[in-house]
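J.:
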Amino acid sequence: MTGSLVPARSRLIAHIDMNAFFASVEQTLHPEWKNEPIVVCVFSGRSPSAGVVSSATYDARLLGVRAGMPIVQAQSLCPQAHFLPVQHEKYAEISEQIFTRLYALANVVEMASIDEAYADVSTKSRSLDDAAQKLRLFQLEIKKDFGLGCSIGLSCNKLVAKIASDFQKPNGFTLVVRENIQSFLDPLPVSKLMGVGPQTESVLREMNIHSIADLRVQSLSDLIKRFGQARGQWLFASSRGIDESPLQPEREQKQHSRMWTLVHDASSWEEIVHVVRTHADDLWNETAGKGNFFTQIGVSGITSQQGTFSKSKSFTVPLVVSEQFVGEIESLFQLFFENPLLRWRRIGIRVSGFASPPKQKRLGDF
DNA sequence: GACGGGTTCCATG
DNA sequence: CTCAACAATGGAACCCGTCC
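Numbered according to our numbering, the first sequence spans residues 1317 to 1682.
1. Identify every run of the beta strand (DSSP E) within the region 1482 to 1527, keeping only runs that are complete inside it and at least 3 residues long; order them along the chain.
2. Which word fits glutamine 1343, buried or exposed, when buried means at least 16 other C-beta atoms lie within 10 angstroms of its C-beta?
3. For glutamine 1403, which beta-bridge partners are listed by DSSP?
4. Could you spell out where the beta strand (DSSP E) holding glutamate 1432 opens and where it closes?
5. Which class does histidine 1595 belong to by DSSP, given the choice of helix, strand or coil?
6. For the putative contact between isoleucine 1665 and alanine 1477, defined by C-beta atoms under 8 Å, what is the C-beta separation to the nearest angstrom?
7. Who are the Cβ neighbours of isoleucine 1525 in its own chain at under 6 Å, not counting the five residues just before and after it?
8. So, are the CB atoms of leucine 1657 and lysine 1629 less than 8 Å apart?
9. Return the first residue and the last residue of the alpha helix (DSSP H) that arginine 1377 is part of.
10. Name the residue from Ala1366, Arg1494 and Ile1354 whose alpha carbon lies nearest to the alpha carbon of glutamine 1396.
11. Please tell me whether alanine 1604 and leucine 1635 are closer than 8 Å, where the distance is taken between their beta carbons.
12. Among all the DSSP beta bridges, which residues are the ones paired with leucine 1470?
13. Given leucine 1400, which residues of its chain have a CB within under 6 Å of its CB, disregarding the five upstream and five downstream residues?
14. What first and last residue would you give for the alpha helix (DSSP H) that runs through lysine 1541?
15. In terms of DSSP beta bridges, what is serine 1371 paired with?
16. Quick one: residues in its chain with C-beta nearer than 7 Å to the C-beta of arginine 1452, no 5 flanking neighbours on either side, listed in chain order?
17. Glycine 1623: which of Glu1602, Trp1660 and Gln1515 sits nearest, CA to CA?
18. So what's glycine 1664 in DSSP terms, helix, strand or just coil?
19. Please return the same chain residues whose Cβ sits closer than 6 Å to the Cβ of histidine 1331, not counting the five positions on each side in sequence.
20. Need the endpoints of the alpha helix (DSSP H) that valine 1642 sits in, please.
Written as C-alpha cells, this is what we have:
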C-alpha cells in the first residue's frame, strides 16, 4: 500500500549536452583534420563568405570564434580553420543514434534539441551513485563509438541538470544533489538560467541583480510587477532551483516554417515572386502534401536595417488546395511592399494550426 | 470577462 | 569600406474586437 504520508521519491534527471556538436561531427567525418580547427557555417549565398558561424571546435573558440558570428570575422580570427557548410541531416541522424541509447538508462527521454537531451534515470537506477556511474559509462561509450564528447549534468530537475551540464565543458560531469542546489546556483550569473537572455539580463542589471543569489532575495510581487505573472513566478522559482516541469518525450511540432536570405535586397514583389512560389511549394509538400493539413499561415521578413515584420492569417477549415495556399502567401507578401522605401533582406513562410485531414472526399474519388 | 486573432518581442542553438 | 542563418521553433505579452 502506498500511504499518502510517504513523499514521492525525488526525481533523478540528467541533461546531456553534446560538445561543439556540428563541428565535432564534421571532425569525425574528416579524420585527416583531427587536430585542426573546424568551423561549421550557414552560407547565405550573397557572396562566397557571407553568412554566419553555426558551430566551432574548441580550438577555434579559444581564438574567439563564436556561433552567430559573421563568417568573415571568424576567418580573420582563425584563418587556418576549415570552413564547412552545415549538413543538418547528418547531424540529426547521429543525434538520433546517440540519444536513443539513453533508453538503456532512462524510462523517459526528452530530446530538447538536436544536441541536447534530458533523461529521467530515477526508475532505472538503484541509487544516485548507480545513476552517476551509468551516465559516466554512457559518456565514455559515446566517445568510443562516435568519437564525440558530451557534458552531463545530474540533479533532481531539468533546470538544475541543464545548468550542471554547462558547468564543466567539454566532457564534464557535474552532480548537484538537492542539499547543494542553492549553493551551486547562488554565485552563478542570472544569464545561466534558461530563459534569461540578453534583454532580461539587462533589465535585471538595472535592478542591480547579477547573480542568482541577487535574484533570490527579490520578492515575488516585485518580480511579477516587473516581468509579468508568468515570467515573474518563473524567475522566483528558478532562483531557488525549483522546477517541477515534467520531461516531454514526444513534443509534437506546432509549426513549420522556412526563412531564407535573398541574394539581393528586394523592394518590389516582382523581385521575389519566383522564389516565394518555390519555397511555398516546398513547404506545402513538406506538410499538407504529406497529410499534415493546417489552418494558419504566415509570412515574415527582415529589412536591410534589421527591422522585422510579419503577417498571418487563419482559416476555419484546413487548406486543401496548394494553389490556394500559394495565393494566400502571395497576397500576404504584397503587404511588404506598401512602403516602397523598405528593402527586404530575409523573408520566410510559416504554417501552423495543424489539423487532421478534412473528411471530404478527394476529387479523385469521383 | 472570456476568448480568439494578430503582431511583436524574446529566447535558444 | 564591411556584417548579421535558419532544411527554425516556441512562449508570452499585449492589443483589439466580439460575444455573453
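All residues carry an ideal CB built from backbone N, CA and C; glycine is no exception.
For clarity, every value in this text was computed on a predicted model and none was experimentally measured.
T.: Let me spell this out:
1. 1489 to 1491
2. Stepping through the first sequence from its first residue, residue 1343 is reached at position 27. Buried, since its Cβ has 16 or more Cβ neighbours within 10 Å.
3. In the first sequence, residue 1403 corresponds to position 87, counting from 1. None; glutamine 1403 has no bridge partner.
4. For the purposes of this step, residue 1432 is taken as the residue at position 116 of the first sequence. Note, glutamate 1432: beta strand (DSSP E), 1432 to 1436.
5. Within the first sequence, numbered from 1, the residue matching residue 1595 stands at position 279. Reduced to three states, the DSSP call for histidine 1595 is helix.
6. In the first sequence, the residue the question calls residue 1665 occupies position 349. In the first sequence, the residue the question calls residue 1477 occupies position 161. Wrong, their Cβ atoms sit about 36 Å apart, outside the cutoff.
7. Position 209 of the first sequence, counted from the start, is the residue given in the question as residue 1525. Only Leu1531 meet the Cβ criterion.
8. By 1-based counting over the first sequence, the position of residue 1657 is 341. By 1-based counting over the first sequence, the position of residue 1629 is 313. No, Cβ-Cβ distance for leucine 1657 and lysine 1629 is not below 8 Å.
9. To locate residue 1377, count along the first sequence from 1; it is residue 61. 1374 to 1378 is the span of the alpha helix (DSSP H), which, as asked, contains arginine 1377.
10. In the first sequence, counting from the first residue as 1, residue 1396 sits at position 80. Cα-wise, what sits closest to glutamine 1396 is Ile1354.
11. As a working mapping, residue 1604 is identified with position 288 in the first sequence. As a working mapping, residue 1635 is identified with position 319 in the first sequence. Going by C-beta atoms, alanine 1604 is nearer than 8 Å to leucine 1635.
12. Locating residue 1470 in the first sequence gives position 154, counting from the first residue. Partner(s): Ala1330 and Leu1491.
13. Against the first sequence, residue 1400 aligns to sequence position 84. Answer for leucine 1400: Glu1342 and Val1356, listed in chain order.
14. Your numbering for residue 1541 matches position 225 in the first sequence. From DSSP, the alpha helix (DSSP H) with lysine 1541 extends over 1536 to 1555.
15. Here residue 1371 is taken as the residue at index 55 of the first sequence, counted from 1. Bridge partners of serine 1371: Val1356.
16. Position 136 of the first sequence holds residue 1452. Cβ neighbours of arginine 1452 beyond the five flanking positions: Phe1489.
17. Counting from 1 along the first sequence, the entry for residue 1623 is found at position 307. Here the closest residue by C-alpha is Trp1660.
18. In the first sequence, counting from the first residue as 1, residue 1664 sits at position 348. Strand at glycine 1664.
19. Counting from one through the first sequence, the residue named residue 1331 turns up at place 15. Result list for histidine 1331: Tyr1434, Gly1469, Ala1477, Lys1478 and Ser1481, in chain order.
20. As a working mapping, residue 1642 is identified with position 326 in the first sequence. Taken as a continuous stretch (DSSP letters only), the alpha helix (DSSP H) holding valine 1642 covers 1638 to 1650.
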